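K.L.:
Residue numbers (UniProt numbering): 1 to 243.
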């Protein structure tokens, strides 16, 4: 179930009623009785029910005099300006014929009925607006002031504009560093590709020796070992002669 809107935020009108009866000082309370602002338990409703089947109908002055003799909630015309189509209606609690406590105020302007805001709602709204503005000002001022901590000392926070400029500068620095790194890597690759390919001297000699040993015939290998075998045979013959 949807909540009903607050009465001080409501605007009400009944064009069909105005077309049928018009709007005057003598019937403005009757027009007001059709609106949701009207209290069906008020003294006005009691008088209306009592005089509904009695003739003649009570006039506005007679209604005012009759209400002054009753106790409880009533609606009365506080101000009437028919030339300006303005009527002010007051809801009040009748305590005595000469004393009444105002509970709410309504005004009728150009067939529209409004409820006047209470003094409490006006003051609270103004105070809330003032406190909110003061809070925003203090927050803005606090952001621009240096922060202090025992471990860090004073620290300064840049503004949003400074943050944006710092971000742009950081992005430019990162792009320049990336471009410089790419240039250095390209230069290194080019120097490596242009370097002549050289094998170590010892490794080259060892490879050549292995290649010759693999190609050398077995006869040459035997010739190399031949002198050592002949010398051994001569030594054996000399020993036999001595014996």
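Built from N, CA and C at the ideal position, the CB exists for glycine as well. This one's a predicted model, so the numbers in the text were calculated from it and none came from an experiment.
Label residue 42 either buried or exposed according to how many other C-beta atoms from any shown protein chain fall within 10 Å of its C-beta, with 16 as the threshold for buried.
P.N.:
Working through the chain shown from its first residue, we reach residue 42 at position 42. With 16 or more Cβ atoms within 10 Å of its Cβ, residue 42 is classed as buried.
K.L.:
Considering Cα atoms alone, identify which of 7, 16 and 12 is closest to residue 109.
P.N.:
The residue you call residue 109 lines up with position 109 of the chain shown. Taking only the C-alpha atoms, the option nearest residue 109 is 12.
K.L.:
Please indicate yes or no: does the CB of residue 65 lie closer than 6 Å to some heavy atom of the ligand COA?
P.N.:
The ligand content of the structure shown is nil, which means the ligand COA is not present either.
K.L.:
Looking at the unbroken beta strand (DSSP E) that takes in residue 107, where does it start and where does it end?
P.N.:
Position 107 of the chain shown, counted from the start, is the residue given in the question as residue 107. Segment 99-109, the beta strand (DSSP E) holding residue 107.
K.L.:
Do the region 105-121 and the region 23-32 touch if we need at least three Cβ pairs shorter than 8 Å?
P.N.:
As far as the Cβ criterion goes, the region 105-121 touches the region 23-32, which means the pair count is three or higher.
K.L.:
Can you tell me where the alpha helix (DSSP H) holding residue 65 begins and where it ends?
P.N.:
One-based indexing of the chain shown puts residue 65 at position 65. From DSSP, the alpha helix (DSSP H) with residue 65 extends over 60-68.
K.L.:
Nearest to residue 96 by alpha carbon, out of 76, 82, 71 and 103?
P.N.:
Within the chain shown, numbered from 1, the residue matching residue 96 stands at position 96. Comparing Cα positions, the closest option is 71.
K.L.:
At the level of alpha carbons, what is the spacing between residue 124 and residue 84?
P.N.:
For the purposes of this step, residue 124 is taken as residue 124 along the chain shown, with counting starting at 1. For the purposes of this step, residue 84 is taken as residue 84 along the chain shown, with counting starting at 1. When rounded, the distance between both Cα atoms is 31 Å.
K.L.:
Classify residue 122: buried if its beta carbon has 16 or more other beta carbons within 10 angstroms, exposed otherwise.
P.N.:
Counting from one through the chain shown, the residue named residue 122 turns up at place 122. Exposed: under 16 other Cβ atoms inside 10 Å.
K.L.:
Go ahead and label residue 67 buried or exposed: buried means 16 or more other beta carbons lie within 10 angstroms of its beta carbon, across all protein chains shown.
P.N.:
Translated into positions along the chain shown, residue 67 becomes position 67. By the neighbour-count rule (16 or more Cβ atoms within 10 Å), residue 67 is buried.
K.L.:
Going by DSSP, name the residue or residues bridged to residue 190.
P.N.:
Residue 190 sits at position 190 when you count from the first residue of the chain shown. None; residue 190 has no bridge partner.
K.L.:
Looking at the secondary structure, which residues open and close the beta strand (DSSP E) in which residue 78 lies?
P.N.:
Translated into the one-based positions of the chain shown, residue 78 becomes position 78. Its beta strand (DSSP E) spans residues 72-81.
K.L.:
Quick one: Cα of residue 105 to Cα of residue 91, how far?
P.N.:
As a position in the chain shown, residue 105 is number 105, starting the count at 1. As a position in the chain shown, residue 91 is number 91, starting the count at 1. For residue 105 and residue 91, the distance between alpha carbons rounds to 6 Å.
K.L.:
Measure the alpha-carbon distance for residue 129 versus residue 136 and round it to whole angstroms.
P.N.:
Position 129 of the chain shown, counted from the first residue, corresponds to residue 129. Position 136 of the chain shown, counted from the first residue, corresponds to residue 136. Taking the straight line joining both Cα atoms gives about 11 Å.
K.L.:
Flag this pair as yes or no: are the beta carbons of residue 94 and residue 74 separated by less than 7 Å?
P.N.:
Taking the chain shown and counting its residues from 1, one reaches residue 94 at position 94. Taking the chain shown and counting its residues from 1, one reaches residue 74 at position 74. Their beta carbons are under 7 Å apart, which means residue 94 touches residue 74 by this criterion.
K.L.:
Looking at the secondary structure, which residues open and close the beta strand (DSSP E) in which residue 27 lies?
P.N.:
Taking the first residue of the chain shown as position 1, residue 27 is located at position 27. Counting along the chain, residue 27 falls outside any beta strand (DSSP E), and DSSP gives it neither H nor E.
K.L.:
So the beta strand (DSSP E) residue 90 belongs to, where does it begin and stop?
P.N.:
Numbered from 1 along the chain shown, position 90 holds the residue referred to as residue 90. Residue 90 -> beta strand (DSSP E) spans 86-96.
K.L.:
For residue 153, list the residues DSSP reports as bridge partners.
P.N.:
As a first step, residue 153 must be located in the chain shown, where it is residue number 153. The partner list for residue 153 (beta bridge, DSSP) reads 149.
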